[in-house]
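So the sequence shown is numbered by the working numbering: it starts at 354 and just counts up by one. The C-beta atom is built at its ideal place from N, Cα and C for all residues, glycine as well. Data block below; observations after.
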Amino acid sequence: MTNADERNARHKRAMQRKKEYIDSKIAQADQDKGLLVVLTGNGKGKSSSAFGMLARSVGHGLRCGVVQFIKGQWKTGEQLLFSQHPQVEFHVMATGFTWETQDREADIEAAQRTWAEAEKLLADADTDVVILDELTYMLTYGYLDKEQVIECLRNRPSMQHVVITGRNAASELLDIADTVSELKETKHPFYEGIQAQKGIDF
Numbered sequence: 354m355t356n357a358d359e360r361n362a363r364h365k366r367a368m369q370r371k372k373e374y375i376d377s378k379i380a381q382a383d384q385d386k387g388l389l390v391v392l393t394g395n396g397k398g399k400s401s402s403a404f405g406m407l408a409r410s411v412g413h414g415l416r417c418g419v420v421q422f423i424k425g426q427w428k429t430g431e432q433l434l435f436s437q438h439p440q441v442e443f444h445v446m447a448t449g450f451t452w453e454t455q456d457r458e459a460d461i462e463a464a465q466r467t468w469a470e471a472e473k474l475l476a477d478a479d480t481d482v483v484i485l486d487e488l489t490y491m492l493t494y495g496y497l498d499k500e501q502v503i504e505c506l507r508n509r510p511s512m513q514h515v516v517i518t519g520r521n522a523a524s525e526l527l528d529i530a531d532t533v534s535e536l537k538e539t540k541h542p543f544y545e546g547i548q549a550q551k552g553i554d555f
């Protein structure tokens, strides 16, 4: 047997073991439920991932809702694409970033007004997927009542999926989440003086 034959044989045995393991896990997966996904960390791509899931959901004909906190003074690609889509209900806080507003009371009022729209979506069993973009900041800054948000997430329709994005996700969110992904920042063009790019950053 040549070295190549031996390597190919090892590879086949390894893939057979892997397939057996994966098949067994698939066979054990007997639950069907709405998932709570939290995308956090300092790295770029949290919202991009969430809106990728939104695109998948729309592709499958699911009814979706989007609530964007913080963002809103400039049009994002996702808003331009989905805000008029018949399967998507789209809400934007429209205050811009907190370091631009510099008005805590106004930000709290805007956050609570926007959260009221999120609550409606989270209570609607006909809404299959809800994206709560940048929600984590609303809890970190104390703009929204954390217990109220957690209770609302817990009591949502059983088959409704929710995707939450933002840095420094509260431990209470992580505790109730089904999926938690933390994006790590290794490099970012902002620190090299490169402007935000249409289609990549917004």
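Paired residues, beta bridge with residue i - DSSP
{"i": "E442", "result": "G418"}
{"i": "T393", "result": "E535"}
Spatially closest choice to residue i from the options, by CA coordinates
{"i": "M406", "options": "V515, A367 and L506", "result": "V515"}
{"i": "R509", "options": "L488, D479 and S534", "result": "D479"}
{"i": "A523", "options": "E538, E500 and P542", "result": "E500"}
{"i": "D477", "options": "E373, G546, K551 and C417", "result": "C417"}
{"i": "S410", "options": "N395, G396, T393 and F435", "result": "F435"}
{"i": "V390", "options": "M368, S534, D383 and R466", "result": "S534"}
{"i": "K537", "options": "A530, N521, L527 and H413", "result": "N521"}
{"i": "V441", "options": "T355, V482, A464 and A362", "result": "V482"}
{"i": "D570", "options": "I484, K386, Y496 and Q437", "result": "Limits of the chain in this structure are 354 at one end and 555 at the other, which puts residue 570 out of reach."}
{"i": "V419", "options": "I547, A471, K378 and D531", "result": "A471"}
{"i": "I517", "options": "E487, S511 and Q384", "result": "E487"}
{"i": "S402", "options": "D385, G519 and A362", "result": "G519"}
Residue i - DSSP class collapsed to helix/strand/coil
{"i": "E535", "result": "strand"}
{"i": "T518", "result": "strand"}
{"i": "L388", "result": "coil"}
{"i": "T489", "result": "helix"}
{"i": "F404", "result": "helix"}
{"i": "K551", "result": "coil"}
The alpha helix (DSSP H) enclosing residue i, as first and last residue numbers
{"i": "H364", "result": "N356 to Q381"}
{"i": "L526", "result": "S524 to I529"}
{"i": "T467", "result": "R457 to L475"}
{"i": "Q501", "result": "K499 to R507"}
{"i": "F435", "result": "G430 to F435"}
Bounding residues of the beta strand (DSSP E) (the contiguous stretch that carries residue i)
{"i": "I484", "result": "V482 to D486"}
Residue i burial status per 10 Å Cβ neighbour count (16 or more: buried)
{"i": "K399", "result": "buried"}
{"i": "H444", "result": "buried"}
{"i": "G394", "result": "buried"}
{"i": "A423", "result": "Looking at the sequence itself, residue 423 is Ile, so the reference to Ala does not match. Label assigned to I423: buried."}
{"i": "L506", "result": "buried"}
{"i": "L527", "result": "exposed"}
{"i": "F404", "result": "buried"}
{"i": "D385", "result": "exposed"}
{"i": "T467", "result": "buried"}
{"i": "Q437", "result": "exposed"}
{"i": "E545", "result": "exposed"}
Distance cut-off 7 angstroms: residue i Cβ against heavy atoms of the ligand GTP
{"i": "S511", "result": "This structure simply doesn't include the ligand GTP, nor any ligand for that matter."}
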